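Asks:
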Amino acid sequence: MVRLLFAALGEADISKSSQADGRRSNGLTYKDAGVDIDAGNALVEAIKPLAKSTGRSGADSALGGFGGLFDLKATGYKDPVLVAGNDGVGTKLLVAIEAGRHDTVGIDLVAMCVNDLVVQGAEPLFFLDYFATGKLSIEAATAVISGIAAGCREAGCALIGGETAEMPGLYGENEYDLAGFSVGAVERDGILPRDIGTGDVVLGLPSSGFHSNGYSLVRKVVALTGHRYDDPAPFDSSVSLGDALLTPTRIYIKPCLALVKAGLAHGFAHITGGGLLENIPRVLADDLAVDLTAEALPLPPIMTWLGQAGGMSAVEMARTFNCGIGMIVIVAAEDETAALDILKEKGESPRRIGVVSERGDGDAVRIDQLAETWGLS
246 MVRLLFAALG EADISKSSQA DGRRSNGLTY KDAGVDIDAG NALVEAIKPL AKSTGRSGAD
306 SALGGFGGLF DLKATGYKDP VLVAGNDGVG TKLLVAIEAG RHDTVGIDLV AMCVNDLVVQ
366 GAEPLFFLDY FATGKLSIEA ATAVISGIAA GCREAGCALI GGETAEMPGL YGENEYDLAG
426 FSVGAVERDG ILPRDIGTGD VVLGLPSSGF HSNGYSLVRK VVALTGHRYD DPAPFDSSVS
486 LGDALLTPTR IYIKPCLALV KAGLAHGFAH ITGGGLLENI PRVLADDLAV DLTAEALPLP
546 PIMTWLGQAG GMSAVEMART FNCGIGMIVI VAAEDETAAL DILKEKGESP RRIGVVSERG
606 DGDAVRIDQL AETWGLS
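Numbering (the numbering used here), first residue to last: 246 to 622.
1. Tell me the start and end of each unbroken alpha helix (DSSP H) in the stretch 514-583 that is at least 4 residues and wholly inside, in chain order.
2. What residue range does the alpha helix (DSSP H) around threonine 618 cover?
3. Under 8 Å, do alanine 319 and serine 298 count as touching if we go by C-beta distance?
4. Using 8 Å as the threshold, is the C-beta distance between valine 340 and glycine 487 below it?
5. Going by DSSP, what residues sit across from glutamate 411 in a beta bridge?
6. Quick one: residues in its chain with C-beta nearer than 6 Å to the C-beta of aspartate 266, no 5 flanking neighbours on either side, listed in chain order?
7. Quick check on DSSP: helix, strand or coil for glutamate 603?
8. Decide if serine 482 is buried, meaning its Cβ has at least 16 other Cβ atoms within 10 Å, or exposed.
9. Should the stretch 423-433 be called in touch with the stretch 363-380, which here means at least 3 C-beta pairs below 8 Å?
10. Express the C-alpha separation of aspartate 606 and proline 451 in angstroms, rounding to a whole number.
11. Report the option in Phe315, Ala510, Ile587, Pro543 whose CA atom is closest to the CA atom of alanine 304.
12. What span of residues does the beta strand (DSSP E) with serine 483 cover, start to end?
13. Mind checking who isoleucine 612 pairs with in its DSSP beta bridge?
14. With valine 428 as the anchor, note down where its beta strand (DSSP E) starts and where it stops.
15. Between which two residues does the alpha helix (DSSP H) containing aspartate 353 stretch?
16. Among Asn524, Thr378, Tyr416, Pro294, whose alpha-carbon lies nearest the alpha-carbon of threonine 409?
17. Just verifying my parser: in three-state terms, what is the DSSP assignment at glutamine 264?
18. Shortest alpha-carbon distance to serine 457 belongs to which of Leu338, Gly300, Gly330, Gly620?
19. How about threonine 336 and tyrosine 421: do their beta carbons lie closer than 8 Å?
20. Can you give the Cα-Cα distance for leucine 327 and tyrosine 497, rounded to whole angstroms?
21. Do you know how far the Cα of valine 505 is from the Cα of leucine 362?
22. Residues in its own chain within less than 7 Å of threonine 565 by CB, not counting five upstream and five downstream?
23. Can you give the Cα-Cα distance for glycine 471 and glycine 313, rounded to whole angstroms?
24. Check each candidate in Ser594, Gly300, Tyr375 and name the one with the smallest Cα separation from leucine 423.
25. Taking the continuous alpha helix (DSSP H) assigned at leucine 462, which residues delimit it?
26. I'd like to check one pair, phenylalanine 513 with valine 574: are the Cβ atoms closer than 8 Å?
27. Give me whichever residues DSSP pairs with arginine 597 in a beta bridge.
28. For a test of the three-state rule: what should DSSP assign to leucine 404, helix, strand or coil?
29. Roughly how many angstroms lie between the CA atoms of valine 610 and tyrosine 416, to the nearest whole one?
30. Leucine 327 lies in the alpha helix (DSSP H); which residues open and close that run?
31. If you draw a straight line from the alpha carbon of glycine 279 to that of lysine 380, how long is it in whole angstroms?
32. With a threshold of 8 Å on Cβ separation, who are the neighbours of leucine 509 within its own chain once the five nearest residues in sequence on each side are excluded?
33. Report the three-state DSSP secondary structure of glutamate 368 (helix, strand or coil).
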């Protein structure tokens, strides 16, 4: 493995001197084993301005140390609790690799991490990435990290470090994997969820597509239907299937934090793997449930196509995909109008999709007439 903490190369320095002038010594070099340190150095230089573009209060240190520095005191928190999360992009990466488009999966990586932080009321502060590949392509890696930087700017967090690992034998030449790590902060008395009770209103914030979940099933349906990623999308001929599937995950930090700041949020639920049925209960007490209105949950065309092409049931869709809702917002009934106004001011298109009720002997998430509404079994 060649470690690149941006400007800090670690063990890669061992063979750097033997390759610096391009000459080969009598013995083997790291490059002979498939690790190109010169390419790693070039990538470091290419991504420095990308990381710098994500600067924010608390992240003023120059890159290049063995660890990323962040000054929590500079952010102004009085009694902060740190919230940490990590995630990846999953097999959506295989779509990006096959389609040859690498500029959006970095946004997915950031979104999957920071959206989990804001669910607990936390502001994302900083982010670190891990990029592993069989053979380093400076062009592809730079495109990926440019997406990470774009995601960090959208989320308001600083990209303070990362690692690039070139590992021939573990990955194929054109293969790579991603992981991300983010840390946020919330004042101790502002940790969510809290005060969720019967009668609270459930609002939904639209997703941009599948986000970064369920792509093993998505890819299976694409393979079974014989489509290629450069074909026109069967649900929208104006875009290719690959581009539609690579639409990046939405980042909900700004609208959600606005609700937190206004004191209106009782809870959020990031709808990721497990869909609506598995994620919403994570923020509910054991005696509470949500009753969702099927008519308020129209299935996006891309998901209607997938469900019909794959012969899936409505329940399978609802427990696998976000089904058009990327973030759930729970507020008191009397605060619904104020919450909707704030969300719209932040560029969202929120809609009321249900209410919180007593669970009784029923399920934690109840959606009547879903199969009929979606036209699935």
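Heads up, the beta-carbon is just placed ideally off N, CA and C, and yes, glycines get one too.
These figures come from a predicted structure and were not determined experimentally.
Replies: The answer reads as follows:
1. 520-524, 546-554, 559-563
2. 615-619
3. no
4. yes
5. Thr378
6. With a pLDDT of 49 at aspartate 266, under the threshold of 50, the predicted position of this residue should be treated as unreliable, though the coordinate-derived value follows. Correct list: empty, nothing qualifies.
7. strand
8. exposed
9. yes
10. 30 Å
11. Phe315
12. 481-485
13. Leu537
14. 421-432
15. 350-363
16. Thr378
17. Confidence in glutamine 264 is poor, its pLDDT being 44 and thus under 50, which makes the residue's placement unreliable; the coordinate value appears in the next sentence. Helix.
18. Leu338
19. no
20. 19 Å
21. 13 Å
22. Gly459, Leu462, Gly520
23. 46 Å
24. Tyr375
25. 460-470
26. yes
27. Leu448
28. strand
29. 40 Å
30. Counting along the chain, leucine 327 falls outside any alpha helix (DSSP H), though it belongs to the beta strand (DSSP E) covering 325-333.
31. 7 Å
32. Val576, Ala577, Asp580, Ala583, Ala584, Ile587
33. strand
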